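Numbering (UniProt numbering), first residue to last: 1 to 347.
Even for Gly, the Cβ is constructed at its ideal location relative to N, Cα and C.
Bear in mind that the values here come from a model prediction, so they are computed numbers and not experimental data.
Okay, so here's the structure we're looking at.
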């Protein structure tokens, strides 16, 4: 009776020893060698798995850093502290890592750039873009439906009282998710200490911009002329700031006639930072009129002839037509098909 019990137990024990030895040998033969620095780098990363570094997650970034496929400061969430810790593990010395923050380059709320229609649909900017590019009169402006807010994993964005997204600089990690989610491309990452920026993305000519937004950039180049370090350039009818050159002297902010260049004022109370965007106090009417006539590139005029739109030359380049008597003036009731209007009449 005892032997009947011991025999199967012995067989099972022998099989266990054989299988165990086989697994041990296989683990050595098929071992995937991992650099011992990978888990150390992984522990130094914040573990947000946000993808802001361009890799699927922190594990993939750790492997990429060890393999030399990514920089030690590739993690935008961890910032300088994480970069220094990884630098020590990798034996690399790094300079000071400048923190970045998301910036909304649009101030065209409904008081400055009204909607041209009411939108009833999914509250998502990408979906609203399907409906003729959105309902804003400015085709470059923020629609305020909060796609960037939903994309932020850290609760750093919210829709403000003016219907536009606001960035909490204390929570923003510069992961870039909001930038990637914005279908208008008006969100960018800028140095966290940069307080002067151009809050406009409209690349149309001056008069066309003024027709849809009263605080848009009109490419008048007034900011370019007053910048002492040549940090501002105007390309494609839009001003841009080179933050590597900008000294934040505020000369461009004070000179901008439309208020497209804004200045942030940050108030720190305890652990919370409140951001207020300032606008220069000036009489815009006279200065705007002068700059619009002298510096801004003239908008093209459009003429509708029998239902077809044709683009004519700019007014400055058009020759004065000879005055002739139009038969339609004597018989206006016969003039039904030809209608002439300017772009300024299109609201």
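Could you give the residue range of the beta strand (DSSP E) that holds residue i?
{"i": "residue 102", "result": "100-104"}
{"i": "residue 188", "result": "187-191"}
{"i": "residue 239", "result": "238-241"}
So, does the CB of residue i fall closer than 7 Å to a CB anywhere in chain C?
{"i": "residue 39", "result": "Of the protein chains in the structure, only one exists, and it is not chain C."}
Find out if the Cβ-Cβ distance for the pair residue i, residue j is shorter than 7 Å.
{"i": "residue 135", "j": "residue 117", "result": "yes"}
{"i": "residue 145", "j": "residue 123", "result": "yes"}
{"i": "residue 241", "j": "residue 251", "result": "no"}
{"i": "residue 141", "j": "residue 113", "result": "yes"}
{"i": "residue 248", "j": "residue 167", "result": "no"}
{"i": "residue 209", "j": "residue 137", "result": "no"}
{"i": "residue 99", "j": "residue 78", "result": "no"}
{"i": "residue 187", "j": "residue 178", "result": "yes"}
{"i": "residue 215", "j": "residue 173", "result": "no"}
{"i": "residue 83", "j": "residue 66", "result": "no"}
{"i": "residue 182", "j": "residue 260", "result": "no"}
{"i": "residue 41", "j": "residue 74", "result": "no"}
For the alpha helix (DSSP H) that contains residue i, what are its first and last residues?
{"i": "residue 113", "result": "Taken as a continuous stretch (DSSP letters only), residue 113 belongs to no alpha helix (DSSP H), as it is neither H nor E."}
{"i": "residue 65", "result": "58-66"}
{"i": "residue 18", "result": "2-29"}
{"i": "residue 39", "result": "37-44"}
{"i": "residue 74", "result": "Premise fails: residue 74 is in no alpha helix (DSSP H) and is neither H nor E."}
{"i": "residue 253", "result": "251-255"}
{"i": "residue 82", "result": "79-90"}
Among the options, whose alpha-carbon lies nearest the alpha-carbon of residue i?
{"i": "residue 89", "options": "38, 80 and 107", "result": "38"}
{"i": "residue 50", "options": "67, 80, 152 and 111", "result": "152"}
{"i": "residue 244", "options": "191, 163, 27 and 80", "result": "191"}
{"i": "residue 161", "options": "259, 109 and 119", "result": "109"}
{"i": "residue 45", "options": "57, 2 and 164", "result": "57"}
{"i": "residue 198", "options": "229, 183 and 221", "result": "221"}
{"i": "residue 132", "options": "148, 21 and 115", "result": "115"}
{"i": "residue 236", "options": "202, 226 and 207", "result": "202"}
{"i": "residue 165", "options": "3, 105 and 126", "result": "105"}
Tell me residue i's beta-bridge partners as DSSP assigns them.
{"i": "residue 196", "result": "263"}
> Which ranges does the beta strand (DSSP E) cover as unbroken runs of at least 3 residues, wholly within the segment 121-176, from first to last along the chain?
Replying inline: 157-159 and 165-167
> Can you list the beta strand (DSSP E) stretches of 3 or more residues lying completely in the UniProt domain "4Fe-4S ferredoxin-type" (209-236), in chain order?
Replying inline: 232-235
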